[in-house]
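Line by line, the protein sequences are chains A and B.
Numbering follows the numbering used here, with no gaps: position 192 of the first sequence is 192.
To convert, take the position in the second sequence, counting from 1, and add 1000; that gives the numbering used here.
The beta-carbon is built from N, C-alpha and C at its ideal position, and this holds for glycine as well.
Bear in mind that the values here come from a model prediction, so they are computed numbers and not experimental data.
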Amino acid sequence: MKAVLTRVEGEGGILVVERGGYVENVFYEISEAPRFFEYIVVGRNAERVVDIVSRVCGLCGVSYSLVAAEAFEKCLGIEVDPEIRMLRAALHLAERVKSHVIHVFYMNLPEIAQAKSFAEFLQRNPQISRYAQDVLMWSRKAMEVFGGRFHNVVNIKIGGVYRVPDKSDVEKLEKEIATVIKAFTEFASFVLSIKPSDVVQNVKIHQVSLYSSSSEYPHLSDRVSLDGDVYSVAEFYKSISRAMQVQYSTALHYRVKGVESFVVGPFARFNQSYSKLSKEVRDFVEMYDWSPPLHSIMHSYVARIAEAYDALLTLEKYLDTFKSSAITNTSSIASTKSGAVCEYAVEAPRGILYHRYIVDIGKVKICDIITPTAQNLAAMSDIATAAIRGRKADASSIAIAKRIAISFDPCISCSVHALPVKIITA
Amino acid sequence: MYRVAVVKLTSCSGCINEIVYAFTFSDIASKYRIEYSTELVDVEEMGGVDIAFIEGSISNKHQEELVKSVRAKAGFVVAIGTCAVMGGVQSLRVGSDVNDVKKAVYAEPQYIEVYSDVKPVTDVIKVDFVIPGCPINGSALTSFLRKYAFGGLPIAIHESVCAECKRRGLECVLVARGVPCLGPVTVSGCGAICPSFGRGCYGCYGIKHVDLNREKLEAFSRRLAELGMDRDDIDALLKGYGFKVYSAIMRGGEA
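Now the structure itself:
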């Protein structure tokens, strides 16, 4: 049985393997054609690669450019001015707000509020919709000020940024942010008040998010936490998690030691780093009777709301202390040694995004990108299989599998290289 | 109400998110209804619509057939984004052996169905309007939607990014500071974002298809090289976004 995935980014489908009319296995299939980014960056100057990889994803391009720049900076020993680091972090947080609001409002909310689409929801709840859209529009402005535009930002370079924003533009954002936070909390109150009871309970599943010893909520790091155990990203992606070809299909799945699936993204970050969210956010979330750990992936919207709120509060602080005097770095990377391994990870809106490059005299020789959705596919499949295995293979089973997919907020365009699914036998 | 379909091919959804942006304006949301978009509504199959927006380039037979069926079901077709209009950044693989490309990324390349070529939508069907950009400028899209609702269309302006720098009063990064900049050969529409950030344009709106020929492009490439731009970078940027226009120009004559 097959169905098209809707209200997700990109083109994908659900494949249900049946036995005698009953569900045996569930796979998520990517029907989109690949773009071969790992190939097209080979031979390019590292500076160019920072711009090119942004095109992997129309929703989280900042994460791509940022982690590429950070990876090159780390291995080439380039220092970034702390003020500039904060500016790039602010740009990254604005992207987190944008991505989460787009997902919660346009893709997830219609379902949890039982509307057919965002348009129907908008008609029913014009004021709540306006709040969500106001936040989205502000995140757009913030991204334009810090990065040049809403996606494929142009202001991240190896060593820093191209330009520090004008003070007057930052002041405009600062003037509006109190109103935007107010609008956000109105929208968030509405969302957090909804408690769908018919959610699927997760099977026991591993959770992975970036680890840092600082008090900062997961952002950039070279270490990951797998259920509290800390590994270097290199070790985790080389040996702990392994891409596996799955039974019945050619899909590549990342699994811990090749066996157990794991979840990355807001769900895992919220559950593992809840105490690092600001007190205001935790109080707010708890006011609506939510607390970690979330047990069902279908409650991921709670984590997205908490993260977007936390990001807005961090942005508010940043705007307040913004200094236009930061220095943009002009260091050159042409003189790199041969065979340098450049790797780093960022918490993109959908989870850990890992980039690894081998660079030779400033040019990329080998590139490996592991995207959040590629990592989540095994968990998506496992959670859906556990939820509907043994049920009749019918529309209602498919509907559950669809809801699970939407809850993960998969980014199919990003993950396309991970999984050509072909059912071999049932 | 005009019925709208949003169709995605090989792309990143960045342009589709500009449609999301356009629909935050109430005057647009009151005149248009999105009837098909896998990202935004729960409809699995596209029906007849007044306008179809197509994002992305064509990588295989399936997408080629899909685009033809979209053409048949839509009264007006708009190609959005540099991928749909000129091929986009994925064109950088064109010219390489497709089997090498597949093997570089996939453990089982035999399951990957892609052409060795990257085709823009405009190679396969006649489109009624194009909005280039990587991503498209949200204001260009809202302007199109507003004008279309009044029975009109935006006027086509053929100019390069240089014109936008002039209008914004930006100092020329190329002339004044010697920064290699693709602005002179790149389609306008972004608002000269990169020069306003003190960096050279890198051509993401694609090559301007009027007033350019092989000789001019070669002379321009030489100038970029003199300014210190790596030869590989020049080739990658010229080919990387506006691939189809670039290759047409390089084959001879004006595109």
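*asked:* On the CB-based measure, 16 or more other CB atoms within 10 Å of its CB, does A:D409 come out buried or exposed?
replied: Counting from 1 along the first sequence, the entry for residue 409 of chain A is found at position 409. With at least 16 other beta carbons inside 10 angstroms of its own, A:D409 counts as buried.
*Could you name the residues of the segment 1129-1149 of chain B whose beta carbon sits closer than 9 Å to any beta carbon of chain A, in the order they occur along the chain?*
Listed by position along the chain: C1134, P1135, N1137 and G1138.
*Express the C-alpha separation of B:T1010 and B:A1072 in angstroms, rounding to a whole number.*
On the second sequence, residue 1072 of chain B is found 72 positions in, with the first residue counted as 1. On the second sequence, residue 1010 of chain B is found 10 positions in, with the first residue counted as 1. Rounded to whole angstroms, B:A1072 to B:T1010 spans 20 Å at the Cα level.
*When you compare only the Cα positions, how much space is there between A:I424 and B:G1056?*
Taking the first sequence and counting its residues from 1, the one referred to as residue 424 of chain A is at position 424. Taking the second sequence and counting its residues from 1, the one referred to as residue 1056 of chain B is at position 56. The predicted model places A:I424 with a pLDDT of 45, which falls under 50 and marks its position as unreliable; any figure quoted below should be read in that light. About 30 Å.
*Which residues bound the beta strand (DSSP E) around A:S273?*
Within the first sequence, residue 273 of chain A is the residue found at index 273, counting from 1. Run containing A:S273: none in the beta strand (DSSP E); it sits in the alpha helix (DSSP H), P266 to S273.
*Within 8 Å (strictly less), CB to CB, does A:E38 reach chain B?*
Indexing the first sequence from 1 puts residue 38 of chain A at position 38. With 8 Å as the cut-off, A:E38 counts as an interface residue toward chain B.
*Where A:G258 falls: helix, strand or coil (DSSP)*: Position 258 of the first sequence, counting from 1, holds the residue named residue 258 of chain A. If DSSP states are grouped into helix, strand and coil, A:G258 belongs with coil.
*Length of the line joining the Cα atoms of A:V62 and A:E216*: For the purposes of this step, residue 62 of chain A is taken as the residue at position 62 of the first sequence. For the purposes of this step, residue 216 of chain A is taken as the residue at position 216 of the first sequence. A:V62 and A:E216: Cα-Cα distance of roughly 19 Å.
*asked:* For the beta strand (DSSP E) containing A:C367, name the first residue and the last one.
replied: Counting from one through the first sequence, the residue named residue 367 of chain A turns up at place 367. K363 to I370 is the extent of the beta strand (DSSP E) around A:C367.
*asked:* Bridge partners for A:K2 per DSSP, in chain order?
replied: Your numbering for residue 2 of chain A matches position 2 in the first sequence. Paired residue(s): A:L15.
*Is any beta-carbon of chain B found at less than 8 Å from that of A:R55?*
Your numbering for residue 55 of chain A matches position 55 in the first sequence. Yes, A:R55 lies at the interface with chain B (some Cβ there is under 8 Å from its Cβ).
*Given that A:A308 touches chain B, what residues does it touch there, using C-beta distances under 8 Å?*
Against the first sequence, residue 308 of chain A aligns to sequence position 308. Near A:A308 there are no residues of chain B at all, since even the closest Cβ is about 16 Å away, more than 8 Å.
*Report the residues of the segment 1184-1218 of chain B with a CB closer than 8 Å to any CB of chain A, ordered along the chain.*
C1190, I1193, C1194, S1196, F1197, G1198, R1199, Y1202 and C1204
*Nearest chain A C-beta to B:R1033 closer than 8 Å, yes or no?*
One-based indexing of the second sequence puts residue 1033 of chain B at position 33. Closer than 8 Å: yes.
*Note down, one range per segment and in chain order, each beta strand (DSSP E) of at least 3 residues found wholly within the segment 1126-1174 of chain B.*
1129-1131
*asked:* Does B:Q1063 pass the burial test, meaning 16 or more other C-beta atoms within 10 Å, or should it be called exposed?
replied: Reading the second sequence from its first residue, position 63 is the one you call residue 1063 of chain B. It counts as buried.
*Short Cβ contact (8 Å threshold) for B:E1164 with B:S1188*: The residue labelled residue 1164 of chain B in the question sits at position 164 within the second sequence. The residue labelled residue 1188 of chain B in the question sits at position 188 within the second sequence. Yes, they are a contact pair.
*So what does DSSP say about A:S63, is it helix, strand or coil?*
The residue given as residue 63 of chain A occupies position 63 in the first sequence. Of the three classes helix, strand and coil, the one that applies to A:S63 here is helix, per DSSP.
_Coarse secondary structure for B:A1255, derived from DSSP in three states_ = Mapped onto the second sequence, residue 1255 of chain B falls at position 255. Low per-residue confidence applies at B:A1255: pLDDT is 47, beneath 50, and the placement is therefore not dependable, though the value from the model is reported in the following sentence. Coil, per DSSP.
_Counting beta carbon pairs with one atom in the segment 95-113 of chain A and one in the segment 68-82 of chain A, are three or more of them shorter than 8 Å?_
Taking one beta carbon from each stretch, the segment 68-82 of chain A and the segment 95-113 of chain A have fewer than 3 pairs nearer than 8 Å; the two do not touch.
*asked:* Against chain B, does A:A33 count as a neighbour if the rule is that its beta carbon must be under 8 Å from one of theirs?
replied: Mapped onto the first sequence, residue 33 of chain A falls at position 33. It does: the Cβ of A:A33 has a partner Cβ on chain B nearer than 8 Å.
*Closest Cα partner of B:E1039 within the set A:L5, A:D51, A:P34 and A:N45*: Taking the first residue of the second sequence as 1, we reach residue 1039 of chain B at position 39. When only C-alpha atoms are compared, the closest one is A:L5.
*asked:* Taking the straight line between their C-alpha atoms, what separation do you get for B:Y1036 and A:A243?
replied: For this step, residue 1036 of chain B is matched to residue 36 along the second sequence. For this step, residue 243 of chain A is matched to residue 243 along the first sequence. Going by the C-alpha atoms only, they are around 34 Å apart.
*asked:* Contact criterion: CB-CB distance below 8 Å. Does A:H151 meet it with respect to chain B?
replied: Numbered from 1 along the first sequence, position 151 holds the residue referred to as residue 151 of chain A. With 8 Å as the cut-off, A:H151 counts as an interface residue toward chain B.
*How many angstroms separate the CA atom of A:N376 from the CA atom of B:L1212?*
What you label residue 376 of chain A is simply residue 376 of the first sequence in a count that begins at 1. What you label residue 1212 of chain B is simply residue 212 of the second sequence in a count that begins at 1. Straight-line Cα distance between these residues: approximately 47 Å.
*Note down, in chain order, each residue of its chain lying with its Cβ closer than 6 Å to the Cβ of A:Y162, except the 5 sequence neighbours on either side.*
Indexing the first sequence from 1 puts residue 162 of chain A at position 162. Cβ neighbours of A:Y162 beyond the five flanking positions: N155.
*Determine the closest residue to B:V1089 out of B:A1156, B:V1067 and B:C1134, with distance taken between C-alpha atoms.*
In the second sequence, the residue the question calls residue 1089 of chain B occupies position 89. Per the Cα distances, B:C1134.
*asked:* Let me make sure I understand the geometry here. Which of B:R1177, B:L1170 and B:I1249 has the alpha-carbon closest to that of B:G1191?
replied: By 1-based counting over the second sequence, the position of residue 1191 of chain B is 191. Cα-wise, what sits closest to B:G1191 is B:L1170.
*In this structure, does DSSP put B:A1052 in helix, strand or coil?*
Working through the second sequence from its first residue, we reach residue 1052 of chain B at position 52. Correct three-state label for B:A1052: strand.
*A:K317 to A:S139, Cα distance in whole Å?*
Within the first sequence, the letter at position 317 stands for residue 317 of chain A. Within the first sequence, the letter at position 139 stands for residue 139 of chain A. Roughly 15 Å between the two C-alpha positions.
*Would the beta-carbon of A:L192 fall within 8 Å of that of A:Y288?*
Numbered from 1 along the first sequence, position 192 holds the residue referred to as residue 192 of chain A. Numbered from 1 along the first sequence, position 288 holds the residue referred to as residue 288 of chain A. Yes, they are a contact pair.
*Same chain, Cβ closer than 7 Å to A:G339, five either side skipped, listed in chain order*: For the purposes of this step, residue 339 of chain A is taken as residue 339 along the first sequence, with counting starting at 1. These residues qualify, in order along the chain: I358 and D360.
*Decide if A:A374 is buried, meaning its Cβ has at least 16 other Cβ atoms within 10 Å, or exposed.*
Taking the first sequence and counting its residues from 1, the one referred to as residue 374 of chain A is at position 374. Buried, by the Cβ-count rule.
*How big is the Cα-Cα spacing for B:K1031 and B:M1001?*
Start at 1 with the first residue of the second sequence, and residue 1031 of chain B comes out as number 31. Start at 1 with the first residue of the second sequence, and residue 1001 of chain B comes out as number 1. If you take the alpha carbons of B:K1031 and B:M1001, they lie about 5 Å apart.
*From B:G1047 to A:S275, what distance separates their C-alpha atoms?*
For this step, residue 1047 of chain B is matched to residue 47 along the second sequence. For this step, residue 275 of chain A is matched to residue 275 along the first sequence. About 49 Å.
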